[in-house]
Amino acid sequence: MKFTRITINPNQMGGIPCIRGLRIPVATIVGMVADGMSEEEILKAFSRPGT
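End of the sequence shown = 50 in numbering that gives the first Met the number 0, gap-free, step of one.
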């Protein structure tokens, strides 16, 4: 199975699977979903100031 939105690069984030182009660990997002956060809450948690 190939995931185009998840990257694993041993030279970035110690090889931890991350969301492509964002360096946000997949495990972080999975944990937020498991904690019951909505898509809107997750997006807000990672939004940049002024956007």
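A virtual CB, placed ideally from N, CA and C, is assigned to each residue, including glycine.
Thinking C-beta only, is residue j closer than 8 Å to residue i?
i   : j   : result
R4  : R22 : no
P16 : P9  : no
Given this structure, state the Cα-to-Cα distance separating residue i from residue j, to the nearest angstrom.
i   : j   : result
G13 : I28 : 17 Å
A33 : G49 : 28 Å
G30 : M0  : 22 Å
E39 : R47 : 14 Å
Check residue i in the structure and name its three-state DSSP category.
i   : result
I7  : coil
K43 : helix
Exercise. Counting only runs that start and end within the region 10-34, where is the alpha helix (DSSP H) found for 4 or more residues in a row?
Worked result: The qualifying runs are 25-33.
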